[in-house]
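One structure is given below, encoded as structure tokens.
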Ligand SMILES: Cc1ncc(COP(=O)(O)O)c(C=O)c1O
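As structure tokens, then:
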């Protein structure tokens, strides 16, 4: 029997429910990632299907997915082009060793990405996630300078509120405090300030003020000397840190400073890649070309884990020209599942959808309506800022006096009961629906948020 909130209690499930009767001990067997395990296991929210913009919950409801899963299923869930390609492939080639061997789909997908990414980013190294892409790009940058005979260029710079996944490099270069606190400093890293400025509250799209913050990179150069700095890694738009849109001119200035001091610029486009900003990449929207671009998420529309690091010709050539016999790996790095056939099949099918269905244009077309409706929430109790770019937005909330992260959680929890999946962070709610969303669904999101946000303490 359903509870008043629509949730089924754990002990009272229909017989065909796949998780009926799971005891607390059984639930505890799965140590869930980035989750409040204790709360979840008191009150599980299980998803058993996904189609289009909706998740299907185990208690038989359709939940509107306001974050494309985790920003990764942006072309809509359940795309049959992808599932067909993956099922065809698994029957033919379940696995191919990626070290000193290859399979054709890996080369096909690399060429596809070479065509899609900005000119000059031409060489694709495959990983299995955005976190692995981050650490791969950082290792690539340090190895590049060694190969260039400048082994002292090792220092890495990130940005406060940045997110580059959870591996050793990404944790260190990332700038979300709670993600780092338990681990201490894993790799030495410096950080620029976040570009979240009070002057820009309630900006629509790219804020006008704040490009001067890029000059902090000059300050770090003055402090450490450019001869010690290998690379700067930033997201063109910080996503997990709360949709922080770079001020006009900021990324251009970072590019200029990197050029002036021989610092590699890495754009982590794991979240912005393939249309989220309304342009294919952050690099294309802001017209700034990085030396390395990291991709994941929409690369397979979230269907199979995959990441990629796309490097400039100069970087690739530097590795290829380093001398030594041709059979010796130029970059001693890679994963058992790099360029896995199923991921490549999913990636090729997802790229077909991206191009044929003109996904970036579709995101750009819906973005003004999404912006207008979301900013209509301004003035509601607890809301201190609303930010957006393309089909990404964050709603900043005044922290709860006694328990800072409580409000976003409470709101997301109540939204789930109302049929909306909403991602929450310590002080904000994040929205990034599939690009296939319709206007009425955007209205529905805003109506539910307008009810729920003021209703929490
Ligand atoms: C910009 C960015 N980099 C890296 C990652 C980590 O990706 P993954 O969770 O696939 O390791 C994410 C995930 O949200 C991301 O948004």
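Numbering (the working numbering), first residue to last: 120 to 576. The beta carbon of each residue, even a glycine, is placed where N, CA and C say it ideally should be. Computed from a prediction, not measured in an experiment: that's the story for all the values here.
Closer than 6 Å by C-beta to residue i: which residues in its own chain qualify, once you throw out the five before and the five after it? Chain order, please.
i           : result
residue 573 : 499, 500
residue 541 : 185, 531, 534, 548
residue 309 : 276, 339
residue 456 : 247
residue 266 : 437, 441
residue 555 : 195
For residue i, which residues in the same chain have their Cβ closer than 8 Å to its Cβ, ignoring the five residues on either side in sequence?
i           : result
residue 388 : 354, 355, 400, 401, 402, 412, 413, 414
residue 297 : 545
residue 169 : 175, 184, 188, 192, 196, 197
residue 523 : 545, 546
Look at the alpha carbon of residue i and the alpha carbon of residue j, and state the distance between them as a whole number of angstroms.
i           : j           : result
residue 264 : residue 345 : 12 Å
residue 212 : residue 204 : 12 Å
residue 105 : residue 311 : The chain is shown from 120 up to 576; residue 105 falls before or after that span and cannot be answered.
residue 486 : residue 142 : 44 Å
residue 238 : residue 295 : 32 Å
residue 357 : residue 480 : 21 Å
residue 252 : residue 285 : 11 Å
residue 301 : residue 476 : 43 Å
residue 575 : residue 526 : 7 Å
residue 299 : residue 385 : 21 Å
residue 422 : residue 194 : 11 Å
residue 202 : residue 236 : 25 Å
residue 160 : residue 570 : 27 Å
residue 180 : residue 538 : 7 Å
residue 453 : residue 218 : 8 Å
residue 153 : residue 390 : 17 Å
residue 317 : residue 225 : 46 Å
residue 474 : residue 144 : 46 Å
residue 292 : residue 257 : 9 Å
residue 167 : residue 151 : 16 Å
residue 304 : residue 278 : 15 Å
residue 241 : residue 157 : 46 Å
residue 321 : residue 462 : 39 Å
residue 560 : residue 405 : 29 Å
Starting from the Cα of residue i, find the closest Cα among the options and give me that residue.
i           : options            : result
residue 77  : 467, 503, 141      : In the structure as shown, the chain begins at 120 and stops at 576. Residue 77 is therefore absent and cannot be evaluated.
residue 509 : 520, 369, 526, 482 : 482
residue 567 : 340, 419, 496      : 496
residue 171 : 419, 199, 162, 491 : 199
residue 375 : 148, 396, 391, 331 : 331
residue 398 : 327, 484, 241      : 484
residue 206 : 438, 377, 464      : 464
residue 507 : 519, 488, 524, 471 : 488
residue 270 : 347, 521, 325      : 347
Skipping 5 residues on each side, what residues in its chain have a beta carbon closer than 7 Å to that of residue i?
i           : result
residue 349 : 260, 261, 264, 272, 273, 274, 275, 383
residue 280 : 294, 295, 313, 315, 357, 360, 361, 363
residue 215 : 222, 460
residue 371 : 407
Is it buried or exposed, residue i, if we count other Cβ atoms within 10 angstroms and call 16 or more buried?
i           : result
residue 246 : buried
residue 535 : buried
residue 429 : buried
residue 446 : exposed
residue 513 : buried
residue 220 : exposed
residue 416 : buried
residue 341 : exposed
residue 254 : buried
residue 425 : buried
residue 516 : buried
residue 147 : exposed
residue 249 : buried
residue 209 : exposed
residue 149 : exposed
Since residue i is in the alpha helix (DSSP H), which residue starts that stretch and which ends it?
i           : result
residue 461 : 460-475
residue 299 : 296-299
residue 427 : Counting along the chain, residue 427 falls outside any alpha helix (DSSP H), though it belongs to the beta strand (DSSP E) covering 426-431.
residue 478 : 478-494
residue 569 : 558-571
residue 269 : Element bounds for residue 269: n/a, residue is neither H nor E.
residue 205 : 199-211
residue 227 : 223-235
residue 335 : 335-343
Quick one: give me the first and last residue of the beta strand (DSSP E) that residue i is part of.
i           : result
residue 241 : 240-246
residue 383 : 383-387
residue 412 : 411-414
residue 286 : Looking at the DSSP string, residue 286 is not in any beta strand (DSSP E), and its letter there is neither H nor E.
residue 507 : 502-508
residue 170 : 166-170
residue 173 : 173-176
residue 615 : Since the first and last residues shown for the chain are 120 and 576, residue 615 lies out of range.
residue 310 : 308-311
Taking 8 Å as the cut-off, does the CB of residue i come closer than this to any heavy atom belonging to ligand 2?
i           : result
residue 424 : No copy of ligand 2 occurs in the structure displayed; its ligands are ligand 1 alone.
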